[in-house]
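These notes are about the structure you will find just below.
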Amino acid sequence: MYWTGSNRKPQPPFRVFFFLTDPHTQKEEHVTFAFSSGAEKIKEELASTTTVAPSSQSNAQSSLRNSDVVGLVKAGIGQEIIIAKIKNASCSFDTSPAALKELKDKGVPDSVVLTMIQATKN
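Under this note's numbering, residue 105 is the last one in the sequence shown; the count climbs by one each step, no gaps.
Written out as structure tokens, the structure is:
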């Protein structure tokens, strides 16, 4: 927790701000919680204002595929960003020799291909 201003101690009500991004729609939202000195209020506030929507897609449909990576490369996204996305997403890559050759032919950098292979292993 941090606060701005002088060296004064913060006084209730305390406020907590959450900035959330929906990974599917990239829509950004924020939620503000205000509570007094009782920290147990955080749990109650979270339970009453945030919900987790069930996924309407199966894991296979929402997983990254070879075509997604090729599309990111063609869009000019940097390889470091693509690698980070692969490491933090559900993946369903085809890493057969024929698929690897196709990735190379489409300009996917070796470091990205290596990350795809490692993601498939995990």
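C-beta atoms are modelled at their ideal positions from N, C-alpha and C, and glycine is treated no differently.
Using a Cβ-Cβ cut-off of 8 Å (strictly less than) and excluding sequence neighbours within five positions of residue i, which residues of its own chain qualify?
i     : result
Leu3  : Glu11, Glu12, His13, Val14
Ala58 : none
Ile69 : Leu47, Val52, Val95, Thr98, Met99, Ala102
Output needed for residue i: all residues of its chain with C-beta closer than 7 Å, excluding positions within five of it in sequence on either side, in chain order.
i      : result
Val91  : Val52, Val53, Val56
Thr103 : Cys74, Phe76, Thr78
Ile100 : Thr78
Ala72  : Leu47
Ala82  : Asn49
How would you write the range of the alpha helix (DSSP H) that residue i sits in, first residue to last?
i     : result
Gly54 : 49 to 57
Ala82 : 80 to 88
Apply the 10 Å Cβ neighbour rule to residue i and answer buried if 16 or more other Cβ atoms are within range, or exposed otherwise.
i     : result
Leu97 : exposed
Ser49 : It is worth fixing the name first, because residue 49 is Asn in this sequence and not Ser. Its Cβ being crowded by 16 or more others within 10 Å, Asn49 is buried.
Ile64 : exposed
Between residue i and the rest of its own chain, which residues show a CB-CB distance below 6 Å, the 5 nearest in sequence each way excluded?
i     : result
Lys89 : Val53
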